[in-house]
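Number 111 in the working numbering belongs to position 110 of the sequence shown; there are no gaps in the numbering. We put the beta carbon where it would ideally sit given N, CA and C, even for glycine. Quick caveat, the model's predicted, so the values are computed rather than measured.
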Amino acid sequence: MGELIMFHSLWRWIVVLLIFITMVVSLIQWVRKSDWTKGNRVTPLISSIVLDINVLVGLILYVMEKRWLGGDHFISYLHPLLMLAALAAIHISYAKAKNKTSFRGHKIIAIGFLIVIFLLLSGIPHGSWSFGM
Ligand code: HEM
2 MGELIMFHSL WRWIVVLLIF ITMVVSLIQW VRKSDWTKGN RVTPLISSIV
52 LDINVLVGLI LYVMEKRWLG GDHFISYLHP LLMLAALAAI HISYAKAKNK
102 TSFRGHKIIA IGFLIVIFLL LSGIPHGSWS FGM
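Next up, the structure:
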């Protein structure tokens with residue numbers, strides 16, 4: 002159990018960093034009006050898989066610890082809700098951008114991933130930033 006929480010906590014850095022980098026790269030490509038190619042699908046797809054993994058681990062922790070019974074209001078309700086919203090936002094962004102051919106693909110990823118970052122930063126427990134390493 003301890004290892005799973007540690008994994009869930011550490012993996013968050015990969016999630017946030019990858020999504021942030023993808024968002025910045027898409028923003029640059031959108032401003033430059035670069036065409037959206039099939040190759041541009043790769044980083045957003047990997048980012049969503051990396052997020053999927055942490056949501057899955059989070060759900061396992063949630064069930065194992067019976068978090069719905071309460072305790073910490075933030076971890077029991079707000080954290081999972083915001084993370085599920087982030088999960089929906091990343092998959093919707095990817096699905097909408099996937100088959101584009103113009104710079105609009107980059108625009109969708111840049112805006113969609115910015116929303117995802119906002120949801121993640123709102124949902125990650127505040128105390129975990131200082132010693133989350
Ligand atoms: C529906 C999805 C999720 C559920 C149900 C969930 C569930 C949980 C639970 C039960 C804990 C408390 C573990 C404990 O201290 O006993 C926790 C902690 C945490 N979660 Fe999630 N989680 C989800 C998604 C995510 C995602 C996507 C991220 C980051 C990208 C994340 C980051 C964290 C962090 C940083 C902690 C604090 C760990 C610590 O105390 O060091 N969670 N989560």
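Nearest to residue i by CA position, among the options, is which residue?
i: K34; options: G72, K101, L57; result: K101
i: M84; options: Q30, R105, N55, R42; result: N55
i: I61; options: I47, V16, L5; result: L5
i: R42; options: F104, V17, L122; result: F104
i: D73; options: H127, L11, A89; result: H127
i: I47; options: L19, E66, Y63; result: L19
i: S27; options: W130, S123, S94; result: S94
Run the CB neighbour count on residue i, radius 10 Å, all protein chains shown included, and call it buried at 16 or more, exposed below.
i: M134; result: In this predicted model, M134 has a pLDDT of only 49, less than 50, meaning its place in the structure is not dependable; the value taken from the coordinates is given anyway. Label assigned to M134: exposed.
i: H80; result: buried
i: G40; result: exposed
i: F114; result: buried
i: L57; result: exposed
i: M24; result: buried
i: W14; result: exposed
i: A96; result: exposed
i: G106; result: buried
What is the C-beta distance between residue i and residue j, in whole angstroms, given that I count them as a contact (C-beta under 8 Å)?
i: F8; j: I118; result: No, F8 and I118 are not in contact; Cβ-Cβ is about 21 Å, not under 8 Å.
i: A98; j: L120; result: With a Cβ gap of about 18 Å, A98 and L120 do not count as contacting.
Could you tell me whether the Cβ of residue i comes closer than 8 Å to any Cβ of chain D?
i: G59; result: Protein chain content of the structure displayed is limited to a single chain, and chain D is not contained in it.
Uninterrupted alpha helix (DSSP H) stretches inside the segment 60 to 86 (no shorter than 4 residues)
none
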